[in-house]
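Residue numbers (our numbering): 25 to 110.
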């Protein structure tokens, strides 16, 4: 199946919201999206920014996406529950 990652992500989404793991879910999705953007050398914010056209903006967008993903992941409810043992 060509779009298996998208189908799996869409299938998991209702469960993530049901169990109140929305922040955790989107942090993982954005982290995967960021890594794929770096690998494909095209950052996506409001436009597609190829690395060859504007390397500074490409890396700025990529770093911001990765940092926001990691911060969201660290402060998500499942991670906080695990860390603090609620």
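Glycine included, every Cβ here is placed at the ideal spot set by N, Cα and C.
Proximity below 7 Å, CB of residue i to CB of residue j
| i | j | result |
| --- | --- | --- |
| residue 51 | residue 81 | no |
| residue 58 | residue 89 | yes |
| residue 40 | residue 49 | yes |
| residue 46 | residue 86 | no |
| residue 100 | residue 55 | no |
| residue 74 | residue 68 | no |
| request: Scan the region 71–95 and note each continuous beta strand (DSSP E) run of 3 residues or more that stays entirely inside, going in chain order. | output: 72–74
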